[in-house]
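The structure appears below as structure tokens.
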Amino acid sequence: NAGVIQTPRHKVTGKGQEATLWCEPISGHSAVFWYRQTIVQGLEFLTYFRNQAPIDDSGMPKERFSAQMPNQSHSTLKIQSTQPQDSAVYLCASSLEGVGNTLYFGAGTRLSVL
Amino acid sequence: GDSVTQTEGPVTVSESESLIINCTYSATSIAYPNLFWYVRYPGEGLQLLLKVITAGQKGSSRGFEATYNKETTSFHLQKASVQESDSAVYYCALGLTGNTGKLIFGLGTTLQVQP
């Protein structure tokens, strides 16, 4: 079990460019979550999928951010027209149905917008 | 709203001393949330330390303990004798909905254990 895999580990973009972050959940896990971590805000929930269907995107900024889960083995978080305030560590997590919210986190992608 | 407040760090203690990191929560959308402590050791990813899903119960792991107190809406993390290897960032979290619902995290508490 390789755990949750996130790529790339670090991404540097220029202001206005697009950034796509990838996540491969643990095989067999039914739920995938995206969080954003900054020093000021801490760990902020963005969105989650269950069995590939979007369930709750209440934490997603309404503009420029989108997430997909085209199959059970990967999810993507796309940020269009990146801004310096998007700089953060983006964490993906997955969980297994029926075990009380226990999330397994990836190592994260550090996004730096210059 | 739903939120978690925990001890603001950094917290510095000497090896073999006792430790308590306070955590209180507010859960308006669910009566009995699941409660968690996650930890990030240096150079590692965020991982579960312990969890309790029943009010009044205690969870334990790696010498740490936390009791789910519904009356005081608290879930303080304690350890009787810390080790240098316990140096890490600790996050308290509550789980809101169902078995695969999202978690709400506190801001984290950095623990530094001096040899």
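Heads up: the sequence lines are chains A and B, in that order.
Read in order, the letters of the first sequence are residues 1120 to 1233 in the working numbering.
Read in order, the letters of the second sequence are residues 11 to 125 in the working numbering.
Heads up, the beta-carbon is just placed ideally off N, CA and C, and yes, glycines get one too.
In terms of residues, what are the limits of the beta strand (DSSP E) holding residue i?
i, result
"Arg-1155 of chain A", "1150 to 1157"
"Asp-1175 of chain A", "1172 to 1175"
"Arg-1229 of chain A", "1228 to 1232"
"Leu-1222 of chain A", "First-last for Leu-1222 of chain A: undefined, no H or E at that position."
"Ser-24 of chain B", "21 to 24"
"Gln-57 of chain B", "57 to 62"
"Met-1188 of chain A", "1184 to 1190"
Using the beta-carbon of each residue, which ones in chain B are nearer than 7 Å to residue i?
i, result
"Tyr-1209 of chain A", "Per Cβ cutoff of 7 Å: no residues; Tyr-1209 of chain A is ~13 Å from chain B at best."
"Thr-1221 of chain A", "Leu-58 and Lys-61"
Taking just the CA atoms, how far does residue j sit from residue i?
i, j, result
"Ala-90 of chain B", "Leu-113 of chain B", "28 Å"
"Ala-1138 of chain A", "Ser-1200 of chain A", "8 Å"
"Gly-11 of chain B", "Ser-36 of chain B", "7 Å"
"Leu-44 of chain B", "Gln-1171 of chain A", "Before going further, note that residue 44 of chain B is Asn rather than Leu in the sequence given. Cα-Cα distance, rounded: 24 Å."
"Gly-1147 of chain A", "Thr-1221 of chain A", "14 Å"
"Leu-1162 of chain A", "Cys-33 of chain B", "16 Å"
"Pro-1203 of chain A", "Gly-1122 of chain A", "30 Å"
"Thr-1195 of chain A", "Ser-1206 of chain A", "17 Å"
"Pro-1173 of chain A", "Lys-1181 of chain A", "15 Å"
"Tyr-51 of chain B", "Val-99 of chain B", "7 Å"
"Lys-1130 of chain A", "Ile-1198 of chain A", "12 Å"
Name, please, each residue of chain B whose Cβ falls closer than 8 Å to the Cβ of residue i.
i, result
"Ala-1186 of chain A", "Simply none; closest approach about 13 Å."
"Ala-1121 of chain A", "Here the premise fails: no neighbours, minimum Cβ distance about 12 Å."
DSSP on residue i, reduced to helix/strand/coil?
i, result
"Ser-1206 of chain A", "coil"
"Ser-95 of chain B", "helix"
"Val-1123 of chain A", "coil"
"Glu-1137 of chain A", "coil"
"Lys-1197 of chain A", "strand"
"Thr-120 of chain B", "strand"
"Lys-1130 of chain A", "strand"
"Asn-32 of chain B", "coil"
For a test of your reading of the model: does the CB of residue i fall under 7 Å from any non-hydrogen atom of the ligand NAP? Yes or no.
i, result
"Gln-88 of chain B", "The ligand NAP is absent from the structure shown, which contains no ligand whatsoever."
Along chain A, which residues have their Cβ under 7 Å away from the Cβ of residue i?
i, result
"Lys-112 of chain B", "Phe-1152, Phe-1164, Tyr-1167 and Asp-1175"
Against residue i, what residues of chain A qualify as contacts under a CB-to-CB distance less than 8 Å, listed in chain order?
i, result
"Gly-118 of chain B", "Gly-1161 and Leu-1162"
Please list, in chain order, the chain B residues whose beta carbon lies closer than 9 Å to that of residue i.
i, result
"Gly-1227 of chain A", "Gly-55 and Leu-56"
ask   = In the stretch 64 to 90 of chain B, which residue ranges form an unbroken beta strand (DSSP E) of at least 3 residues, counting only runs that do not cross its ends?
value = 68 to 71, 74 to 77 and 87 to 89
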